[in-house]
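When you number the sequence shown by our numbering, it's gap-free, plus one each residue, and the end is 378. Contents: one structure, followed by commentary.
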Amino acid sequence: MPGIGPVLLSRLRKAFPSLETAWRASARELQKIEGLGPKTAEEIVVARRALHPQRLWEEHCQENASFWLPLDDEYPKLLQEIPDSPSVLYVAGPWQQWDETKTVAIVGTREPTVYGQRWARRLAEGLGRAGFTVVSGLAQGIDAEVHEGCLAVGGRTIAVVGTGVDRVYPYQNQTLHRKIIQSGLVVSEYPKGTGPQRAHFPSRNRIIAGLCRATILIEGQVDSGALITLRQANEYGREVYALPGALDYKQSQGCHWAIAQGAQIVLGVNELVESLLALPVLDPVSPKKAKAGDRPPIAKQPPPPVETPAVVVPEVNPQQAKVLAAIGTEDAVSFDRLVATVGLPSGEILSLLLQLELAGAVLQLPGMYYRRLV
């Protein structure tokens, strides 16, 4: 549907007794949903006239053998807590209940150093032995080392991919993909047959962060998708860690930046396991205990307004300028609204927003809202 992303879909689910009721709602009723304006409401009413929900559902079930919906018992409870949880989660592999409070993500660059590769595998092995479920993205580099390390010690690993669960990207990870679905899971918000698209990979990062009690950054530059994952984990109220590296390694820049902003330092395998085991117990079945916005963001918040010299407006490229124009100078704007307004893939918009945040031009607020600062 036009203008409806995961955040608005989650709000619709909460505002109406069922999604069927939301589907039949009038434009006036839809306008009452936060972030859903008159224009989008009218577009929904017009677009749904040409759609047949029952037929679409039957076709979907025929094409996708295994998937979870938010109301299903199998759908991860920690993932339900985030404001932009996927409306459908496609899965491949033998499902078995796992302790969500012992689920940890390890993420990093596709072009790691030997040091980064060594520590990615070492940490994954240590967490696997300690009974943690280890999550990563099945990409080249750090992700592959993480999955391989966990599997090597008989641990359980989950790969969150930006394609359909039946497609493997990159192709070099075909064997690894087969090994994972023998004892773990491959999950995606994209249906069977979906090929690799650049915009999908930043979007899937929120699922990695949302699935896990904690996220660990091994290596990544300050504009990397891995750092986006870490920041999203922090936004969701989860613990974040970063591995320190050499100051002259570009791959360690994101880690050092995160540590400077408050991420915990990885000091070794045993120290990490002890730290994770000492975290307060989360009961994902009970009312939310860690809501987005409960924790201070990694990036420092701007101080209260005071008299200061004139703000220096950073230089922006045309795409960044388009995002700034869509945010405007008034109230904060939801991520879904930006996707609908800007007209770029959601993954590209996430990357542009991070660039603008680092430049001091945009502030991210709880619930995937953004406010312009210049």
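We put the CB at the ideal spot given by N, CA and C, even for glycine. Treat the numbers as computed from the prediction; the structure is a model and nothing was measured.
Exercise for the section: Compare the beta carbon distance of G135 and R171 with 9 Å and say whether it is the shorter of the two. Expected result: No, Cβ-Cβ distance for G135 and R171 is not below 9 Å.
**Asked** When burial is assigned at 16 or more other CB atoms within 10 Å of the CB, is T179 buried or exposed?
**Response** With fewer than 16 Cβ atoms within 10 Å of its Cβ, T179 is classed as exposed.
* **Cα-Cα separation between E85 and A45, rounded to whole angstroms** => Computed Cα separation, rounded: 26 Å.
Kindly list the residues whose CB is nearer than 6 Å to the CB of G332, restricted to its own chain and excluding five residues on each side of it in sequence; keep chain order. If we look at G332 and ignore the five residues flanking it on each side, it has no Cβ neighbours.
Check your understanding: Can you list the beta strand (DSSP E) stretches of 3 or more residues lying completely in the segment 28 to 111, in chain order?
Key -> Listed in chain order, the complete beta strand (DSSP E) runs (minimum 3 residues) inside the segment 28 to 111 are 93 to 96 and 107 to 111.
Item to complete: Alpha carbon to alpha carbon, how far is A363 from H56? Give it in angstroms, no decimals.
Response: Between the alpha carbons of H56 and A363 lies a gap of roughly 45 Å.
Review point. Looking at N177 and Q144, is the spacing between their C-beta atoms short of 9 Å?
Key: Yes; because the gap between Cβ atoms is below 9 Å, this pair is in contact.
| task | Find the nearest neighbour of P74 within the set L280, R17 and R208, judged by alpha-carbon distance. | result | The candidate whose alpha carbon is nearest that of P74 is R17.
Inter-residue Cα distance where the pair is E24 and A69 = Distance from the CA atom of E24 to the CA atom of A69, rounded to whole angstroms, is 23 Å.
Evaluate contact between the segment 120 to 138 and the segment 90 to 110, counting only Cβ atoms and requiring at least three cross-stretch pairs below 8 Å.
Yes, they touch.
Where does the unbroken beta strand (DSSP E) through E243 begin, and where does it stop? E243: member of the beta strand (DSSP E) spanning E243 to A246, first to last residue.
*asked:* Quick check: the Cα distance between E243 and A54, rounded to an integer number of angstroms?
replied: Distance between the alpha carbons of E243 and A54: 45 Å.
**Report entry** Boundaries of the alpha helix (DSSP H) in which T161 is found, first to last residue
**Finding:** In this chain, T161 is not harboured by any alpha helix (DSSP H); it is covered by the beta strand (DSSP E) spanning R160 to V164.
On the premise that G9 lies in contact with V343, defined as a C-beta separation below 8 Å, what is that separation, rounded to the nearest angstrom? V343 to G9, Cβ: 6 Å. Contact.
* To do: Alpha carbon to alpha carbon, how far is S14 from D147? Give it in angstroms, no decimals.
  => CA-to-CA, the gap between D147 and S14 works out to about 29 Å.
Closest by C-alpha distance to D77, when choosing among P87, A246 and W99
Looking at the Cα atoms, W99 is the closest of the given residues.
Let me know the secondary structure DSSP gives T219 once reduced to three states. Three-state DSSP puts T219 in a strand.
For this session: Could you name the residues that DSSP lists as bridge partners for V337?
Result: Paired residues: Y374.
### Query
Where DSSP assigns a beta bridge to V138, which residues make up the other side?
In the DSSP output, where bridge partners are listed per residue, V138 has V108 and T161.
> beta strand (DSSP E) containing Q368: first to last residue?
Replying inline: Counting along the chain, the beta strand (DSSP E) containing Q368 begins and ends at V366 to L369.
Check your understanding: Can you check whether the CB of R210 is closer than 9 Å to the CB of L280?
Key -> When the beta-carbon positions are compared, L280 and R210 stay at least 9 Å from each other.
Quiz item: Cβ of L357 within 9 Å of Cβ of V327?
Solution: Contact flag set, yes.
Open item on the list: Considering only the alpha carbon of each residue, which of L34, I232 and W61 lies closest to V49?
Closed with: When only C-alpha atoms are compared, the closest one is L34.
Residue from K254, G130 and G214 with nearest C-alpha to S228:
With distances taken between Cα atoms, S228 lies closest to K254.
Taking the alpha-carbon of G159 as reference, which of P42, Q368, K183 and Y175 has the nearest alpha-carbon? The shortest C-alpha separation from G159 is found at K183.
> Cβ atoms of A203 and G41: under 9 Å apart, would you say?
Replying inline: Going by beta carbons, G41 and A203 fall outside the 9 Å limit.
Endpoints, the alpha helix (DSSP H) within which L271 is located: Careful: L271 lies outside any alpha helix (DSSP H) and carries neither H nor E.
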